[in-house]
Every structure is written in C-alpha cells, then in structure tokens.
Amino acid sequence: MTEPWRSPVQSMQIEDDVSDVADPRPPILWMKIADPDTPIPPFRSGTDMRVLIPIGDRFTTMREQLHAQRIPFREVGYLLEHEVISTLNPRRELLAAVGQRGSASSSARPARPLEGAAAEAARDGFDLMWHNHVTPDDFASGGTPARSVPVDHLVPPAWIRFLPHDAMNPAQAEAVPHIIGSDDHVLVVAPTGAGKTVIGMVAALRTVLEHGKKAAWLVPQRSLTDELNRELDSWRRRGLRVERLSGEYRVDAHRIRAADLWVTTTEKFEAICRTSTLREALAEVGCLVVDEIHLLGDSTRGSFLEAILARVRGSESPIRIVGLSATVANADQIAAWLHARTVRVAWRPTRLTWQLPTVANSTDWSLVEAAKVRLTTSIVAMVTRDNGSVVVFCGSKRNVRRTALIIAASRGATGYGIDPDDVEAVHRACRAVGVGLHYKGWEHKREAEQAFRAREFDVLVATSTVAAGVNLPARAVIVQDTEVGLKAIDVATVQQMFGRAGRVGAGERQGWAFLLVDETERSIWQRKLLAGFRVNSRIQDSLTEHVLAEATQERIHSVHDAERWYEQTLSYHQGSQDMTPLRQAVGFLDEGDFFTRKRPVSGEDELVPTELGLLTARLMVPPDTCHRIRAALAEVDVPDTAEDAEAVLIETLAAQVVTLARAAISEDLKQRAVELELARGFVAEVTDNDRRRSAESSSYVYAPGVLARAVLLTAANSPTAFHRGARTIGGIPYATMYPILEQAPRYLHWLGCQGFLGTVHPWVAIVAADLSRRIRWRRCNPPRGAGRLLWMCEQMATAVHADDVVPALWRAATARGITNPDWGETGRPQDCRLSPSDYATLLRDRVTQTSVTIDDERVTTTCSTSATLMVWSGTDHVAVPVAQGRASAPLPAGDPRAVGAAVFTRRGDYRAVGWLGAYSECAQPSTPATPSLV
Numbered sequence: 002m003t004e005p006w007r008s009p010v011q012s013m014q015i016e017d018d019v020s021d022v023a024d025p026r027p028p029i030l031w032m033k034i035a036d037p038d039t040p041i042p043p044f045r046s047g048t049d050m051r052v053l054i055p056i057g058d059r060f061t062t063m064r065e066q067l068h069a070q071r072i073p074f075r076e077v078g079y080l081l082e083h084e085v086i087s088t089l090n091p092r093r094e095l096l097a098a099v100g101q102r103g104s105a106s107s108s109a110r111p112a113r114p115l116e117g118a119a120a121e122a123a124r125d126g127f128d129l130m131w132h133n134h135v136t137p138d139d140f141a142s143g144g145t146p147a148r149s150v151p152v153d154h155l156v157p158p159a160w161i162r163f164l165p166h167d168a169m170n171p172a173q174a175e176a177v178p179h180i181i182g183s184d185d186h187v188l189v190v191a192p193t194g195a196g197k198t199v200i201g202m203v204a205a206l207r208t209v210l211e212h213g214k215k216a217a218w219l220v221p222q223r224s225l226t227d228e229l230n231r232e233l234d235s236w237r238r239r240g241l242r243v244e245r246l247s248g249e250y251r252v253d254a255h256r257i258r259a260a261d262l263w264v265t266t267t268e269k270f271e272a273i274c275r276t277s278t279l280r281e282a283l284a285e286v287g288c289l290v291v292d293e294i295h296l297l298g299d300s301t302r303g304s305f306l307e308a309i310l311a312r313v314r315g316s317e318s319p320i321r322i323v324g325l326s327a328t329v330a331n332a333d334q335i336a337a338w339l340h341a342r343t344v345r346v347a348w349r350p351t352r353l354t355w356q357l358p359t360v361a362n363s364t365d366w367s368l369v370e371a372a373k374v375r376l377t378t379s380i381v382a383m384v385t386r387d388n389g390s391v392v393v394f395c396g397s398k399r400n401v402r403r404t405a406l407i408i409a410a411s412r413g414a415t416g417y418g419i420d421p422d423d424v425e426a427v428h429r430a431c432r433a434v435g436v437g438l439h440y441k442g443w444e445h446k447r448e449a450e451q452a453f454r455a456r457e458f459d460v461l462v463a464t465s466t467v468a469a470g471v472n473l474p475a476r477a478v479i480v481q482d483t484e485v486g487l488k489a490i491d492v493a494t495v496q497q498m499f500g501r502a503g504r505v506g507a508g509e510r511q512g513w514a515f516l517l518v519d520e521t522e523r524s525i526w527q528r529k530l531l532a533g534f535r536v537n538s539r540i541q542d543s544l545t546e547h548v549l550a551e552a553t554q555e556r557i558h559s560v561h562d563a564e565r566w567y568e569q570t571l572s573y574h575q576g577s578q579d580m581t582p583l584r585q586a587v588g589f590l591d592e593g594d595f596f597t598r599k600r601p602v603s604g605e606d607e608l609v610p611t612e613l614g615l616l617t618a619r620l621m622v623p624p625d626t627c628h629r630i631r632a633a634l635a636e637v638d639v640p641d642t643a644e645d646a647e648a649v650l651i652e653t654l655a656a657q658v659v660t661l662a663r664a665a666i667s668e669d670l671k672q673r674a675v676e677l678e679l680a681r682g683f684v685a686e687v688t689d690n691d692r693r694r695s696a697e698s699s700s701y702v703y704a705p706g707v708l709a710r711a712v713l714l715t716a717a718n719s720p721t722a723f724h725r726g727a728r729t730i731g732g733i734p735y736a737t738m739y740p741i742l743e744q745a746p747r748y749l750h751w752l753g754c755q756g757f758l759g760t761v762h763p764w765v766a767i768v769a770a771d772l773s774r775r776i777r778w779r780r781c782n783p784p785r786g787a788g789r790l791l792w793m794c795e796q797m798a799t800a801v802h803a804d805d806v807v808p809a810l811w812r813a814a815t816a817r818g819i820t821n822p823d824w825g826e827t828g829r830p831q832d833c834r835l836s837p838s839d840y841a842t843l844l845r846d847r848v849t850q851t852s853v854t855i856d857d858e859r860v861t862t863t864c865s866t867s868a869t870l871m872v873w874s875g876t877d878h879v880a881v882p883v884a885q886g887r888a889s890a891p892l893p894a895g896d897p898r899a900v901g902a903a904v905f906t907r908r909g910d911y912r913a914v915g916w917l918g919a920y921s922e923c924a925q926p927s928t929p930a931t932p933s934l935v
C-alpha cells in the first residue's frame, strides 16, 4: 500500500507576482514531483522553472501538461522525493519544502519550510540531480577517457596474465600510469565501483615482479580478506606466494617470511609489526597498498592505520604507499601528509542517483522505524517489478532478520508468527521467495552471496559488511537505518553503501541509492552527502596504546622521541600540535607500570617497556582499559570459591571493557538477558523456572553490561549449552552472544599471562587463564578446570593448526579419562604437531613435577623449568623467581586465614594450593568421542 504524502506545496506559499529590480537573478521554482496529482503552482514570466518527474505511464498527463506550458523537465527513474525549492516570496528568500511519507497522525500539520543552509542543501541536491540527467549516456566527466584501454597498452607483457581482464576501464587507465611511472606515494581517489582493486594489483605486481620485494595489501575488515583472497587465487596458480593474514586465519612464521604478498587486515598488520620475530620480514616490504584509506577517520580502526602510515610516510621512506580511497572532501590534505601525489578519478561505470525519501518524525521511535520498513518494502517491490535487484542495509543483525521477514511476507512468504530470532525459520521463509540475508555470523551468507550473484535471489538484506567491499552490486541500494548499533553511521559508510548501486556486469549503466530519513535528519544528511566525507585523525582517542606500541618496537626511547613520533601523525598535520596530551599519555604509561624509567648519568630519562607493557602491546589490548581492570581487581577481596571468583572476573570485565558493556542487543531480548544473568548463566534454571524467573526479573532494569555478564556466566556455568548446532542459548541467539565470546578471551588471556609476571593476584591469573581457554574452545564444552589440559592441547597443536587440532586432541584425551596434562607417557600423541625434541621440551615446561610446601610462615617450591613463585596472605601477594629449580618466600603480612601459593611457568602452565587447586584438572571428564590420545 502506498504511504500517504504530506505535500510540500501545502507547506510553502508561492507568489507569482513577486519582483525585485535590485536582484538581477531570476526567481526560481524547482520541483521534484513524485505524485502525479500534484498541481503546478502559478509562476510569473522569467522564472527559472524546472521539474523532475519519475519515468512511467502514471506521469503521461503531467508530461503533456509540462510540454504544453513549455516548462523544462527531466525524468528520473524511481524518483521518490517530493520537493519544492523557490524564491517566489516577498523577500526573495530561498525556501524549500519536503513531502513526507507516513504521517504520524492524520491531523499532522505541514512541516515548516526549510531556510538558510538547509534550503541551500536542497537547492544543491536538486541541481546535482538535474545536471546528472542531461542525457542517458552522459556518464563520464570531462577529461577522463571515455573508453576502455587494452591492458597491453598500460603494463608490461609479463604482468598481463595476473590481471583479471584484457582491458582497463577509464578510471584504471587514468590511474595506472601514475602507479607505474614513478615510485612516489600515490593517493587514488575514485568513486566506489570504479575498479580500484585492479589499481592495487598493478602496484603490488610492480613491487613483486619488477623490484623483487614484498607487497602488503591492507583491508579494513576480515570479510574483505575473503573477497580479495578469492580474486588473488589466480596469482597463486601462476606461482606467486600470497598469504592471507587475519584474526581467524593463522599462518606460520616461515610462510609469512616467504610470501610475496600479504593480504591482511589493518589490525593483523599492526600485530605483525609488534612481533619481534617478524621484523626482518617487515624490512622486505616495498609497497603498502591501503584499501579504503579514508577509514583513517574510522573511530574503531582509524588510529591503527594512522600509526602504521605515520611510520612509513615521507618522501624518503623505503616503503611506497598506494592508497585507494573513496571520494573524500580533504583528499589533498591526506595526500600532503603522506607526501603523496593525488590522482582524482571522477568516472564510475554507472550513473548514480541518490535520494533521501523522508518519513514523518514521531516521539515514538517504533512508528518511525515501522514507516521506514514499509517504505523499504515499497521500494523493493518497485525495483524488482522492473527485474532489478536490491540490497537493503540495516543497522543491526536482528533488524536484518526482521526486515527480511517483512519483505518476504510482502512477496507471499508464510512469515506470520515467525520469531526474527528463529534463524532457521527466517532462512527458510526468505529463501523461498528470493530474499537473502548477509551479516557476520550468518551461516548462510555464502549461499546468499552466490544466489544473489546468480540472480536466484533479487533481494539481499545485510549489515555494513557488504558495503565495505564485498562485491555484491545491485540496481538499487536502500540504507534503512542511520545508526549501526548505538552509533550514527558516517558519510563514508553511506557512500560505500551507495557505491553498491549499479550492476555493470548485467549491462546496466544506472544505479539508484536511497537513504531513508525522518524529517529532522533530512537536511543534515543532504548537507553531509553534498559536502562529502572529511577524514579526521582519531589517534588522540588512543594515544597511550600507540605510544606503548612504538616503544615496544624500539622507535620511542624518551619523551623527546615520543614528540618526534607524534609530529609524524595526521593529528599533528591537521593542527593538533599541543604536546600536553602526549606527555600525559607517557605519564600514564609510567604510573601504570607499562614503562619504567632509566635515569642516565646525563641527558633525558630513557623509557623502557616493562614485561607488562610488552604483553599489553603484543595482545593489542588498550592500556587504559587494562589499567582500569587491574585497579578494580586490586580492590576485591580474595574469593572463597571458584564460582565466586569467576563471577567477580566477569563482573569486572563487563564493567570496565566498553565494547563488552555496550554490546548490541535488540530491545525484545533485554529481558531474556536479565533472566539469564539472574540465573547466573545456568541455562537449566532459566528453562525449568521460566515463569518464576520472569516474575523476578521484571523488577530489574536492563543496563550496560547485563548482556556481557549473562553471556560469560553462561559460558562458565553451562558449557554443554554451547554444543555445535546451538543457535539459541538460554533464550539468547548465539549470533548475539558471539561478539562477546570473541572479545572477552583476549582480556582474560592478558590477565592469565600475568601470573608469571607477578603483576596481579594469583587467583586472578589462574581463574582468568582457565576461563579464557574454556570460552575460546567453548564448542568442546570444557568444564571448570579444563584450562591446563586445553593449554597442553594448544601447545601440541601449534598456533597454525590450533583451530582443527585442539578439538581433536581434546576429544582424544577426554575419551581416555585424562583430565590434566600431567601424564607420564613420553610418546607423542597422534595429532601432535610438535617435533619429538619440541615435545620433550614441552613436557619439561609443565608443572607436573613441581612441589609447593607451606611450612609455618614460609613457602618453598621446586620446579624443573623457568617459573615464578607467588605467595599471598589475603590481598597481599609477592612474587619470587624460581632460580636453579628452587625458590622460597615468606608469607606476606595480611589475612592469615587466607594464605596460599602458586607456581607459574614462563610457557603458561600453573599449579596452586587451596581452592585454586580445582583449576589443576577438569572437574568432570567430557563425554568420550575418540578412542585414544597416543
């Protein structure tokens, strides 16, 4: 059903007898008309009158009327905007009025006309659309080659077999000579869809084939390494060594060193930079291809990318930077910072028409959301009726499922009564009517990609991962939500989404993009899109992390070095030249035990990262967050039981780690999260006492951190609930839990590693080490105390093979009733990936033969490997290194009722007395699965 219009003509008084001899410019009356019944208001002779109308039979009468009155008009496919822009008023003031769909009430009054900057944005938006529709074939800008160019005219013959096509499009033909013609840094600025990947390929090939060096190709997120990795498979077949490096793919150091090209996320490349054993391989990199370089302004990844580029920028750098950017407002500023040449390309393979269809605002957000979903469904029907395809972008995973269900229902699917969290039911209903879903964690997303490419699906509902580079173009794009989670989307993200519009491969030369807004947002978004995205530095948000990282890579040794480093950043280049925040960051790292100062006889103090600082930088956890975690745990009394200890750790992480505290959850799931937290994560209690729990939880209000606590308590106390195939656990979809389960182990691992350093209380280190591994390997359903056995499995599997081999080793061990790594057999287990000598070393690095004796007020230990003895009395604790296999330490003054001791090896094993002894072995063996370990 068509949404009701609130006509813009009703909102603005247009007078046809206005004249002003003092203003030589003719008055204007510009109209976008999406309703064929709209009357053309009277206007006086000499008025600059223009009209934009949709293509289609419904507007035949209006076209005839416009012809008869000799009113200039142009036709725009799928025009939905209803707008009047005029200076026909007594003051000759520029005013604009916008029609809205879906009035919140029948008595709603017309919106007030826009004026000032908002009216100017409406005028400029109309002007852009008017000139963009001069002729159907006017797609290239002046000065850009309008034809494709054969590849052999642009690159050496030996490179041609590595390129995907035998001709380059006009954008590529314009940019490639700049890549080949010099070794200067280059910033290529081109619209999404212009074929920037081929430009990056040429840069990488020149480095590898001509200069004999490595190239590194940085992409902003894991999903994009999938796409690029597939495109570069042909390079592997032709003999180039291409290695994919991202968080979920582990490659051994030898293959990294031997590779010709790294395809890596920004964070993974930074992790390599922080790994001392790979410094030599980094020195062989001759070119850094940076995809989506405009994401320097991204609040999550931007600071890492800035830190990387700050090291290699400048005309004397041995590493060439080739940046591939979407259209940004301050490209020249970014290029000046990099000492790069700017190559601007205006050509794109399709003409893009973007619009801002507007719904009425309401204090009830659900009415606005419902109006947007109805409008989305209407646009989808309009485009697919013409045999077109549509990508719909939503701000959350649940909104993807909900919107997909509504679209599917509008196409005849039986979707009534389906819960959007019943992912299999959603999948079945949508697949039956050609609607696909795509987001991180959706197990059918590969099927959706293939079906959408093959046109078996003509609608794809997705989160922003598709916008960021997964090559799934469509005739039309709808951006339904202006927020992702709780954060407003930026212009760069919207431009990326718009860039998916236009299916070149299907022979179409036009694309349509729709950003759905309410009346309060429209003028703001119109100004943003016309002005373009401006890249602003984000490194000030995380100075402590990057100063520490530079120090661990031995680039910063003093405050003066830190200041010289900061002078290389984009932040400094953009005018933030006050060194006070930097000095405060150095002071924070010093006070937080991440740095230590060495005072020379003369000169400036030397800043040296401590073992804690090195660990923090290697695991890429923010120092300020880590400091808060340590400070909070230092105030806690030593728990009496393992369950209490885990609850304290979980509570601390959920409160101190912002990404955990603010984890996304849909409104209708919040009560379930409260119930699961009240049940302490015991899923059986939620199921068995549903009614009682529901009544009890109704008096609790959802607050930040509830979801994280509920999820982590469930992982701790209901491990068997995470069996393979589990889609909903304790009433919470696994997809909602997933981000928390992926992030939390890193912080727990950071705490667990500090047992050997002696920088946290032993109970914290042991409980965190155990819990981190149980969460990471949750699909093995490990019980409390499984951490040591899982640690042994990890060591035997090696990091490269861990994902496949650890579960196999775990099943084999538990099948034999093995609950800890203290076996006496010396033969290597069947799936062990260590050499015999390395396995023998591992056996020596366990605490198997370690003894701990508490006698009166002293603790003594013997241990066969490098280790630390920690003793405590209440919250007071001391650490003593184990030298020559033996150590002894007095109990500290504290609470004599709570004393204990623990030994931590450098490799990561541990043993403790008291209730912490429960973490020496599994509480209960898991169900047998395979016959033997050895």
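In terms of our numbering, the sequence shown is numbered consecutively and its last residue is 935. Note that the Cβ used here is the ideal one computed from N, Cα and C, for glycine as well. Note that the structure is a prediction, hence the values are computed from the model and not measured.
Residue i and residue j closer than 9 Å at C-beta
i: A217; j: E271; result: no
i: V944; j: L531; result: Residue 944 lies beyond the residue range present for the chain, which begins at 2 and ends at 935; the question has no answer from this structure.
i: L210; j: V177; result: no
i: A452; j: A552; result: no
i: A372; j: V360; result: yes
i: V424; j: H439; result: no
i: A736; j: A903; result: no
i: L206; j: G324; result: no
i: T862; j: R887; result: yes
i: M871; j: L835; result: no
i: R785; j: R774; result: no
i: A711; j: V675; result: yes
i: S183; j: R342; result: yes
i: V707; j: A632; result: no
i: I29; j: M63; result: no
i: A502; j: V518; result: no
Nearest residue (CA-CA) to residue i, options the options
i: P37; options: E121, S46, A172 and G57; result: G57
i: W811; options: E795, G825, T799 and A800; result: E795
i: W792; options: D645, A514, S921 and G759; result: S921
i: Q511; options: V649, R789 and S390; result: S390
i: L164; options: S397, E636 and D234; result: D234
i: H724; options: A717, P822 and C781; result: C781
i: I490; options: N472, T464, W513 and G503; result: T464
i: V622; options: G918, D591, C431 and Q657; result: Q657
i: F589; options: E555, A816 and T545; result: T545
i: W513; options: L229, R476 and A680; result: R476
i: A809; options: W824, T827, I557 and L790; result: L790
i: A884; options: K269, T869 and T876; result: T869
i: L229; options: H212, R242, L241 and T198; result: T198
i: I651; options: Q755, P746 and H558; result: P746
i: I294; options: L310, T570 and R237; result: L310
Beta-bridge partners of residue i, as assigned by DSSP
i: F305; result: BP columns for F305 are empty, so no partner.
i: L516; result: V480
i: P734; result: T729
i: Y573; result: DSSP, once it has assigned bridges, lists no residue as partnering Y573.
i: A873; result: Inspection of the sequence shows that residue 873 is occupied by Trp rather than by Ala. Its beta-bridge partners are H878 and G901.
Rounded distance between the beta-carbons of residue j and residue i, thought under 8 Å
i: V329; j: G194; result: Not really, about 16 Å apart at Cβ, beyond 8 Å.
i: L634; j: T653; result: 6 Å
i: L1; j: P192; result: Any property of residue 1 remains undetermined from this structure, which presents the chain solely from 2 to 935.
Chain D within 9 Å of residue i, Cβ atoms only
i: H295; result: Among the chains of the structure shown, chain D does not appear; only one protein chain is present.
Along the chain, which unbroken stretches of the beta strand (DSSP E) at least 3 residues long are found entirely within the stretch 334 to 419? 341 to 345, 352 to 356 and 391 to 394
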